[in-house]
Amino acid sequence: MNQNYRIKSFCHLKNQSLTVNGQSVFDDASEDFQTFIKNAYKFLKTDYPKFFKMDSLSKLAFLAADVLLKRENLNEEENNIALIFSNRASSLDTDRKHQAAIENEEEYFPSPAVFVYTLPNICLGEISIKHRLYSENSFFIFDHFNAEHLHLYANSLLRNEKAEKVLCGWVDLDENGYEAFLYLVENEGEIEHNIKQINRIYTLS
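As structure tokens, this is what we get:
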């Protein structure tokens with residue numbers, strides 16, 4: 001059976017701006033990422049104290065995912081939603097901080113809190129804990145946004161009933177350069193889930 005899946009919702013978080021389904025939700029003048037993401041967190045009334053302990057990549061991914069998942073009225077016990085994320089830099093931003101701590105001979109004491117976040121899939125774990133997601137999650141590294149891979153993988157998970165919904169996208173951060181684009185795929189929605197449409201909504205902002 002050839003099932004046609006749909007994109008139910010999508011969001012962009014970049015250039016001091018958050019948009020959902022192509023519509024502006026939040027804008028901020030702060031060019032510094034930490035200031036911007038903190039202001040966005042407050043504006044969205046996100047209630048998750050662990051957010052402030054996360055590294056920058058996890059904060060970016062967590063907030064973008066939270067924007068879409070909060071709209072789903074999820075079950076408080078268990079949710080069968082898979083996560084497929086990707087970027088070009090892995091956890092490079094945090095890796096640099098960890099390496100700097102190792103190389104500091106005078107104050108050598110690598111922080112376990114920093115070391116934990118040198119793995120890109122940690123941000124998937126934070127999202128899964130907050131929203132009680134109990135399905136597959138993967139983080140891929142590509143040179144650029146790869147709609148083809150996201151499309152094939154998401155469709156495979158849904159077709160084989162490994163997940164009821166799939167949250168896909170691109171979450172990339174390196175110093176003050178950042179970009180998050182996530183979209184939710186399931187059986188319902190106004191946008192057909194195909195490569196052309198994925199690329200179209202990716203370039204909307």
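Heads up, the sequence shown is in the numbering used here, so the first residue is 1 and it goes up one at a time.
Glycine included, each C-beta is placed from N, C-alpha and C at the ideal position.
Identify whether Thr46 lies in helix, strand or coil by the three-state DSSP scheme.
coil
Residue span of the alpha helix (DSSP H) that contains Asn187, given as start and end:
That residue, Asn187, is in no alpha helix (DSSP H); it is neither H nor E in DSSP.
CA nearest to the CA of Leu204, picked from Lys8, Leu13, Leu63, Phe62
Leu13
Does DSSP put His193 in a helix, a strand or coil?
coil
Who are the Cβ neighbours of Asn199 in its own chain at under 7 Å, not counting the five residues just before and after it?
Ala147
Can you list the beta strand (DSSP E) stretches of 3 or more residues lying completely in the region 135-187, in chain order?
137-141, 165-174, 177-186
Evaluate the contact criterion for the region 52-66 versus the region 126-134: three or more CB pairs, one atom per stretch, below 8 Å.
yes
Keeping to the same chain, check which residues put their C-beta closer than 6 Å to that of Leu69; ignore five residues upstream and five downstream.
His131
State the DSSP-derived secondary structure class of Ser30, mapped to helix, strand or coil.
coil
Inter-residue Cα distance where the pair is Thr46 and Asp27:
16 Å
Can you give me the C-alpha to C-alpha distance between Leu152 and Phe52, rounded to a whole angstrom?
34 Å
Please report the straight-line C-alpha distance between Ala82 and Lys8, rounded to a whole angstrom.
15 Å
What are the residues that DSSP puts in a beta bridge with Thr19?
His12, Ser24
In or out: Gln34 buried (at least 16 other Cβ within 10 Å) or exposed?
exposed
Could you check the C-alpha separation between Gly189 and Leu150 for me, to the nearest Å?
17 Å
Report yes if the CB atom of Ala154 is closer than 9 Å to the CB atom of Tyr41, and no otherwise.
no
On the three-state DSSP scale, how would you describe Asn79?
strand
Can you tell me whether Asp32 is buried or exposed? The criterion is at least 16 other CB atoms within 10 Å of its CB, across all chains shown.
exposed
Do you know how far the Cα of Tyr202 is from the Cα of Glu76?
30 Å
How long is the line joining the alpha carbons of Lys196 and Lys50, rounded to whole angstroms?
37 Å
For Ile84, which beta-bridge partners are listed by DSSP?
Ser138, Cys168
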